[in-house]
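This report refers to the structure that appears directly beneath it.
Number of protein chains: 2
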Amino acid sequence: MADHEPLIAKGKKLLIQAALRLAVHTRSIRALGVRELGREAGLNPNTFYRHFKGMDDLGLALIESVVAELRQPLRDMRRTVAQSLAPIHSGEEDEFALNLKRTRAAKKETIKLFFDFVEANPEAFIIGLSELNGSSPRLREALREAIAGFAADMAEDFRLLGLTPVLDDESVQQVSTIIIRNMFYMTTEYIERPERRAALLEAADKLVRTLLIGALARRVSDPPRLLQIVAVLGVDAAPQDAR
Amino acid sequence: MADHEPLIAKGKKLLIQAALRLAVHTRSIRALGVRELGREAGLNPNTFYRHFKGMDDLGLALIESVVAELRQPLRDMRRTVAQSLAPIHSGEEDEFALNLKRTRAAKKETIKLFFDFVEANPEAFIIGLSELNGSSPRLREALREAIAGFAADMAEDFRLLGLTPVLDDESVQQVSTIIIRNMFYMTTEYIERPERRAALLEAADKLVRTLLIGALARRVSDPPRLLQIVAVLGVDAAPQDAR
DNA sequence: CGCTGAAGTAGACGATTGTCTGCAAAAATA
DNA sequence: TATTTTTGCAGACAATCGTCTACTTCAGCG
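Sequence order for the protein chains is A and B.
If you number the first sequence the way my numbering does, the last residue is 243 and the count never jumps.
If you number the second sequence the way my numbering does, the last residue is 1243 and the count never jumps.
Structure (structure tokens):
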């Protein structure tokens, strides 16, 4: 039986990569030409039809490939952050306060790493964002599902950080969705306007803190704990040294 | 002197409206064909060149036209809401609590009216969103400016609702930007999936409340006031009757 | 009335497009 | 090694595209 296909057929991969390069400029996969694509891939135009039924088909393959390439690194990235945060445990603080501080620490680092990742893979985000409101319903749907998947990952992280008991699952899910969605929206500007990157990082950070405070505050009734939340998440120290 | 031009030359308007109809399906103004456009407008293909230098040019005109058509109604809408809210003033409450309640009341109504407006002008939002990450840098820029304008309007409203003293201008601006951005991105789903509309309205409402709580809480230090904020904005009564 | 400039029409140019059929090379399978 | 399937190339089809030049219609204004 045809067991181990060595991956995707060589030409198929070449075409997908060519599409990735070209669609950055056209901002539409559907608008790519079969010959244009073949030219860029160094292949005969008609080879396209050996692998894909149409541009939508290629688009789905491209999305699938990119998502597979992105999701795992992003997971690893956050896991690394979580581990590096474990040894914070210091003394007799109550558990919730500890979790708050871990969340605060994880947040900032995760955001930075995420945008580093964006900087390293700009095409994926540019194309993803255009296709999210692009001409093909199937691609739009696929993108939405992919983003929902990222949001689910982030929700899982929040639970692992210990926010779950005070924040119900539904709220965690909603907050994660909002954060992921807005981070994605920011990527275009982050890529295209390097001079605004610092401001964007700060805006993302502020958004996350504001959302978390708002979501947590709604679920907490006693004043001292409320003050604690605001105190920990309310103001982030300037990015310089700790003192 | 050539004083009152009767508006835009007839053919120009026809072409813009034709583009509005066609671009809803292609989700790209640039991808429109000159002949296709002429056909839809009932004009000769070449008439296009009498009014526009290229598709980008038409796109800018289209955006300008649509924005002019949208911004004023949206302003009026919010002004109406604000006025209908004035007589709330009841007795000896402190001013801040009053403003909080007015904000809460305005929020819900504004959101509903906004999405009613989306439902009535779906093409404008569909095209705007696609072109926001579309192929033309000039159109992207124009759209971003337009959205920033809407956000500025909303920030102005927040100030008028009396949130300014406790919330600094910068935060108001940022919160407004986030809200507007997310509402715009929700419009596609609102248009395409009628069965999800109720859920989207609730999600929008929750987003606004969460953001406001988070932003306000960060600027308030005394516990009773904090509790007040959460109490007023934290949970919205079910949409049924008041009791 | 006659003029002038704008708006719209007609036809044609070369270039590019998607898709089809047929054939050659290459890889996998037996 | 022989055979079968996959992968790639070549050529041709009609259709569409953007853009140009030249001509007609029309509105406004003296």
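Each residue gets a CB set at the ideal place from its N, CA and C atoms; glycine is no exception.
With fewer than 16 neighbouring CB atoms inside 10 Å of its own CB, residue 9 of chain A falls in the exposed class.
The beta-carbon distance between residue 1062 of chain B and residue 1019 of chain B, rounded to whole angstroms, is 6 Å. This is short enough to meet the 8 Å contact definition. The C-beta separation of residue 30 of chain A from residue 135 of chain A comes to about 5 Å, placing the pair in contact by the 8 Å criterion. The beta carbon of residue 11 of chain A is closer than 8 Å to those of 41, 43, 47, 50 and 51 in its chain, skipping five residues each way along the sequence. Judged by beta-carbon spacing, residue 1157 of chain B lies beyond the 7 Å limit of residue 1039 of chain B, meaning their Cβ atoms are not closer than that value. Here DSSP, grouped into helix, strand and coil, assigns residue 222 of chain A to coil.
Around the beta-carbon of residue 1149 of chain B, fewer than 16 other beta-carbon atoms lie within 10 Å, marking it exposed. Taking a Cβ-Cβ threshold of 9 Å, the residues of chain A close to residue 1134 of chain B are 27, 28, 130, 133 and 134, in chain order. Where residue 35 of chain A is concerned, the enclosing alpha helix (DSSP H) starts and stops at 34-41. Contact note: residue 1063 of chain B does not reach chain A at a C-beta cutoff of 7 Å; the least C-beta distance is about 15 Å. In this structure, DSSP gives residue 103 of chain A a helical state, which the three-state scheme calls helix. In the structure shown, residue 84 of chain A falls within a helical segment according to DSSP collapsed to helix, strand and coil. In this structure residue 107 of chain A is buried. Its beta-carbon is surrounded by 16 or more other beta-carbon atoms within 10 angstroms.
Taking all protein chains shown into account, residue 54 of chain A has fewer than 16 neighbouring C-beta atoms within 10 Å of its C-beta and is therefore exposed. For residue 1200 of chain B, the CB contacts under 7 Å within the same chain, skipping 5 residues up- and downstream, are 1186, 1189 and 1190 in chain order. Close CB contacts of residue 32 of chain A within its chain, under the 7 Å cut and outside five residues either way in sequence, are with 19, 22, 23, 26 and 55 (chain order).
Taking residue 1122 of chain B as reference, the option from B/1214, B/1233, B/1155 and B/1066 with the minimal CA-CA separation is B/1066. Beyond the five residues adjoining it in sequence on each side, residue 1074 of chain B comes within less than 8 Å, by CB distance, of 1114, 1117, 1150 and 1153 in the same chain, given in chain order.
DSSP places residue 48 of chain A in the helix class (H, G or I) of the three-state scheme. Scanning chain A for C-beta atoms nearer than 8 Å to the C-beta of residue 1185 of chain B yields 181 and 185, reported in chain order. Using a 10 angstroms sphere on the CB of residue 1080 of chain B, the tally of other CB atoms stays under 16, which defines it as exposed.
Straight-line measurement puts the Cα of residue 1013 of chain B at about 43 Å from the Cα of residue 1210 of chain B. For residue 9 of chain A, the three-state secondary structure derived from DSSP is coil.
Annotation for residue 1028 of chain B: 1130, 1131, 1134 and 1135 place their beta carbon closer than 8 Å to its own, counting only its chain and skipping 5 residues before and after. The C-beta of residue 1016 of chain B comes no closer than 7 Å to any C-beta of chain A. Of the candidates B/1206, B/1234, B/1127 and B/1035, the residue whose Cα lies closest to the Cα of residue 1217 of chain B is B/1234. Every alpha helix (DSSP H) stretch that sits fully inside the segment 1117-1167 of chain B and reaches 4 residues is listed by chain position as 1122-1132 and 1137-1160. Residue 193 of chain A is classed as exposed because its beta carbon has fewer than 16 other beta carbons within 10 Å across all chains shown. In this structure residue 1182 of chain B is not in contact with residue 1143 of chain B, their Cβ atoms being roughly 16 Å apart against a cut-off of 8 Å. Note that the segment 163-173 of chain A does not touch the segment 1171-1178 of chain B; fewer than 3 beta-carbon pairs, one per stretch, sit closer than 8 Å.
For the 7 Å CB-CB criterion, residue 167 of chain A and residue 225 of chain A do not form a contact.
Residue 1234 of chain B has a beta carbon lying within less than 7 Å of a beta carbon in chain A. Taking a Cβ-Cβ threshold of 7 Å, the residues of chain A close to residue 1188 of chain B are 133, in chain order. Between residue 1111 of chain B and residue 1204 of chain B, the gap from beta carbon to beta carbon is short of 7 Å. Put simply, the CB of residue 1122 of chain B is far from chain A, with every gap to its CB atoms at 7 Å or more. Taking 9 Å as the Cβ-Cβ cut-off, the segment 201-213 of chain A approaches chain B at 203, 206, 207, 209, 210, 211, 212 and 213, given in chain order.
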